[in-house]
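Taking it in order: structure first as structure tokens, then the write-up.
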Amino acid sequence: MDAAEKFIQQFKKTKTLPHIVTRLAQLINDEDSTLQDFEEVIRLDPALVARLLTLVNSSFFGMSRNVDSISRAVALLGMKNLHNIAVTDAIQGMIDTDTDNPGFEPKRLWSHSAAVGLCCKMIAERILSIDGDDAYLTGILHDIGLIVEFETARNSFFKIIDQLEENSPDIVALEQRELNTDHCQIGYLLALEWQIAEPLAEAIRDHHLDNNEPAPNSPTAILQIAEYIVNQLGFSVKDDKYPQLSPGLSAHVQKNIAEYKVLAEDLPEELEKITSMYGK
Ligand SMILES: [Fe+2]
Ligand SMILES: [Fe+2]
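Residue numbers (numbering that gives the first Met the number 0): 0 to 279.
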């Protein structure tokens with residue numbers, strides 16, 4: 000068993016992914032599944048039902064009438080979106096917010112993940128005119144490996160974060176030195192285990208690779224651009240140390256700079272709508 004797998008085994012002892020998340024992933028992968036199937040699964044989780052109804056009635060969706068039935072909420076949100084909400088719920092529940100390291104607030108990891116998820120969705124929909132649900136999923140999950148490290152090897156995790164400075168090696172190099180693996184590898188394996196589609200899991204694996212030139216509309220590129228924008232806006236895991244864009248992606252952003260500027264301006268307010276629902 001390699002180092003990444005060991006971390007995942009350890010993580011699973013303390014944090015169980017709600018059964019509902021993998022069940023929803025199975026339904027998405029099954030062409031014959033219907034919205035009724037989704038509804039039946041969701042009904043089993045009252046907390047999720049409450050969250051869904053809050054979400055569809057929030058300003059985020061701007062519905063003029065109050066939505067009080069689960070089936071209508073399910074129809075409005077769609078299958079992938081439902082799965083994304085369940086994953087967001089699960090991730091939020093996995094981060095312990097009590098920590099005794101003054102240099103790191105777990106809350107930042109949560110708001111960073113939520114911001115990257117949202118930014119990925121906005122890039123996909125607004126700039127590339129493609130479906131944003133897959134992009135959101137890669138974004139919300141991209142640093143799940145850091146959550147695993149934080150939960151299973153807290154001292155090492157703090158050591159890595161403390162070493163991360165403007166002129167230090169990047170986080171992946173520090174993790175490799177300290178843990179013999181890194182959050183990209185751990186995140187990739189976990190995503191596959193959670194039945195996330197392979198191209199999305201690969202984007203998670205490659206999100207810190209700076210020597211590849213992904214096509215701008217690929218999941219990896221969307222994730223790398225979102226990470227860059229979110230860090231620029233101050234939602235970084237740690238200040239002053241984050242990846243730069245490759246020349247190809249940089250050129251893509253420059254070409255669409257007007258759209259990207261509007262997106263960056265809108266992002267904090269959109270993020271506030273998500274984070275306020277979670278009270279974090
Ligand atoms: Fe990362
Ligand atoms: Fe990140």
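Don't be surprised by glycine CBs; every beta carbon is placed ideally from N, CA and C. Note that the structure is predicted; figures quoted are calculated from it, not measured.
* Apart from the five residues on each side of it in sequence, which residues of its chain come closer than 7 Å, Cβ to Cβ, to A225? -> V115, C118, C119, I122, G138
* **Residue from Q223, Y227, C183 with nearest C-alpha to E4** => C183
* To do: Assess, as a yes-or-no matter, whether the segment 37 to 52 is touched by the segment 63 to 73 under the definition of 3 or more beta carbon pairs within less than 8 Å.
  => yes
* So, helix, strand or coil for K106, using DSSP? -> helix
* **Check whether Q162 and L145 have beta carbons under 8 Å apart** => no
* Spatial distance of I170 from Y241 (CA atoms) -> 8 Å
* Considering only residues of the same chain and omitting the five flanking positions on each side of Q25, which have a CB-CB separation below 7 Å? -> Q194
* Spatial neighbours of P213 in its chain, beta-carbon cut-off 6 Å, leaving aside the 5 residues before and after -> T219, A220
* To do: Consult DSSP for Q243 and reduce its assignment to one of helix, strand or coil.
  => coil
* Run of the alpha helix (DSSP H) containing E164, from where it starts to where it stops -> Element bounds for E164: n/a, residue is neither H nor E.
* **Inter-residue spacing [alpha-carbon to alpha-carbon] between V136 and E264** => One detail in the question is off: residue 136 reads as Leu in this sequence, not Val. Each residue's Cα considered, the two are about 22 Å apart.
* To do: Please name the residue in L188, L266, A202 whose C-alpha comes closest to that of D1.
  => L188
* Asked: Heavy atom of ligand 2 less than 7 Å from the Cβ of V171, yes or no?
  -> no
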